[in-house]
Amino acid sequence: MFVYNSIERYHSLLNDGTVSCFDTVNFYLEKIESSQHLNAFTAVYAEEALARAGMLDEKRKSNQPTGRLHGVVIALKDVIAYKDHPLTAASRMLKGFQSLYSATAVEKLLAEDAIIIGSCNCDEFAMGSTNENSVYGRVLNAADTSRVPGGSSGGSAVAVQAGLCMVSLGSDTGGSVRQPADFCGVVGMKPTYGTISRYGLIAYASSFDQIGIFGNNIPDVARVLEVITGPDAMDSTSSQKRQLLPASFGDKTERKYRFTYFEEALEHKSLDPEIKMAIYASIDRLKQEGHEVLPVSFEFMDYIVPAYYVLTTAEASSNLSRYDGVRYGYRSAQPAEDLDQFYKNNRSEGFGREVKRRIMLGTFVLSSGYYDAYFTKAQQVRRKLKDKTREIFEHFDFILLPNSPAVAFKIGEKTDDPVAMYLADIYTVFANLTGTPSISLPLYTHSSGMPFGLQVIAKPFDELSLLDISQKLMQDQ
Ligand code: GLN
């Protein structure tokens, strides 16, 4: 039976003829079929993936050059455009919509011979932390199906966790890759803002949004990042800095690094004591190994979630104004007297509760009477955070944090209390507010049996060191 280990290993099996892309895709399709109860996918491209696999097998056998992701089976969060395939953001608003073009990241995957096997379930328009806000229904955590997989990229996380693909893409505006990776026990990386083009990523909060990668190991994630990174004329916020990554992260680093952590974060009252203990144990170990680890005081803990929710809802209220049901998207069957009523009907019926809550919040914080009190203030907090972060990185290479105050929640546990749900984003939104690269590493197991991870944040564009230390931490487990 096919056992997936890493892209590198898979490639050597392909090259010595032990496996074929075609059989591998068949294997994944069967697994997806038998894992339907997890509800990880919104669409599966079975025939097409098989046809592409057959074509790639031919290509390899005829000794044509093969791509860096030759035959790699990848799933996309249903907010990432893939030409002529469904793109719905798990919303009634876009149900039935097919994308007219592919995201730059998808074009790059395909150019390196990847196989896209399907689109993954998520929270509607990537808004949520549990994957319970989806028009397709919730996704289940494969480690314990009475629990959520996290969100908003819950389906992408479960697709890797349950072995339904090799790697997957998600998007991370406030933790939507790292937090589900933490809840599901896989690696989840959000690179520096601007590292991966946002062209073809459905916009939630454009100054925060970034495509991220789920995988089982660091070399796989590094390879996918290497392929999809780079400047893009279609996204003016994409960075001109090229991520130069070594071909492999197979070797354990010997470099000694300088780590810091926020005492206010690890001593926060909301943090599960077991998570706190596990992270302190890792800190001790790093010290024993000769790394420098020192706490810094971080006075912004109480401000980061409010600043995040003011700024992202403001951006969302503007980004989502395009869904009016005129040219595409959901159109209500209700009669409308005038244009206003027509918009209202389409948007009230097309959007779910959480999305509507955020559009209203965002409209409120941008309204003329409250703009300075909320939006301007939150921008000031963001500026202060960026300054503080720059200062920290003058002295340190990495910041260590939890990903979430608790392990995967029980289904329904937080659905009636949006504020409690928002507050649980306390550890992930920092990296989005500051644009820093951040990764969740599945290092620990809780007494409940659930996995959880360590979050490591590096300075902007230092993905190289981040992946280097991640590889070491993963190998040391
Ligand atoms: N949980 C956060 C939110 O609901 C993160 C979302 C995201 O990163 N897309 O906004």
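With my numbering, letter number 240 in the sequence shown gets 240, and the count goes up by one each step, no holes. Backbone N, C-alpha and C define an ideal beta-carbon position, used for all residues, glycine too. Predicted, not measured: the structure shown is a model, and the values here were computed from it.
heavy atom of ligand 1 below 7 angstroms from residue i C-beta
| i | result |
| --- | --- |
| T173 | yes |
| M189 | no |
| A484 | Limits of the chain in this structure are 1 at one end and 477 at the other, which puts residue 484 out of reach. |
| G151 | yes |
| A420 | no |
| D417 | no |
| T436 | no |
| D127 | Here residue 127 turns out to be Met, not Asp, going by the sequence shown. For ligand 1, at least one heavy atom lies less than 7 angstroms from the Cβ of M127. |
| Y204 | yes |
| T312 | yes |
| D182 | no |
| D78 | no |
| S478 | Absent from the structure is residue 478, since the part of the chain shown begins at 1 and ends at 477. |
| D397 | no |
| D220 | no |
| D425 | yes |
Residue j beta carbon less than 8 angstroms from that of residue i
| i | j | result |
| --- | --- | --- |
| P437 | E463 | yes |
| S129 | D324 | no |
| M450 | V381 | no |
| P306 | R357 | no |
| I117 | V177 | no |
| I213 | V158 | no |
| A75 | A162 | no |
| E354 | E124 | yes |
| F375 | L366 | yes |
| V135 | K95 | yes |
| V73 | T24 | yes |
| G174 | A181 | no |
Where residue i sits in the DSSP three-state scheme
| i | result |
| --- | --- |
| M189 | strand |
| E337 | coil |
| R390 | helix |
| T260 | strand |
| S404 | coil |
| E413 | coil |
| F398 | strand |
| F2 | coil |
| I469 | helix |
| A49 | helix |
| S318 | helix |
| R147 | strand |
| Q380 | helix |
| F214 | strand |
| G453 | strand |
| Q98 | strand |
| G369 | coil |
For residue i, the first and last residue of its enclosing alpha helix (DSSP H)
| i | result |
| --- | --- |
| K276 | 273–288 |
| V106 | 104–111 |
| I32 | 21–34 |
| K356 | 353–366 |
| E8 | 7–15 |
| A420 | 418–423 |
| E226 | 218–228 |
| C184 | 178–184 |
| V429 | 429–434 |
Spatially closest choice to residue i from the options, by CA coordinates
| i | options | result |
| --- | --- | --- |
| S197 | D387, F214, N216, L225 | L225 |
| S119 | G194, D144, K83, A143 | K83 |
| K299 | D16, L311, H268, S282 | At residue 299 the sequence reads Glu, which differs from the Lys that was named. E299 has its Cα closest to that of H268, out of D16, L311, H268, S282. |
| R383 | Y308, K276, A316 | Y308 |
| C122 | F208, L454, I80, P405 | I80 |
| F50 | S12, S168, Y28 | Correcting the residue type first, residue 50 is Leu in the shown sequence and not Phe. Ranking the options by Cα distance to L50, first place goes to Y28. |
| A316 | Y343, V296, L361, E349 | L361 |
| Y427 | G369, Y303, R52 | Y303 |
| L56 | G96, T88, L110 | L110 |
| A142 | S34, V227, A90, N432 | S34 |
| Y4 | G215, Y328, G188, E112 | G215 |
| I279 | Q98, Y343, V456, S91 | V456 |
| S206 | T229, S236, N131, G151 | S236 |
| H11 | K459, G71, I283, G150 | G71 |
| K77 | F22, G200, K59, D144 | G200 |
| E254 | D23, L473, D182 | L473 |
| L401 | L454, F364, F22 | L454 |
| S171 | I202, P149, L164 | I202 |
Range of the contiguous beta strand (DSSP E) that encloses residue i
| i | result |
| --- | --- |
| A43 | 41–44 |
| P442 | 438–445 |
| L169 | 167–171 |
| S156 | Looking at the DSSP string, S156 is not in any beta strand (DSSP E); the run it does join, the alpha helix (DSSP H), is 154–161. |
Cβ of residue i within 8 angstroms of any chain B Cβ
| i | result |
| --- | --- |
| F208 | The structure shown contains no chain B; it is built from a single protein chain. |
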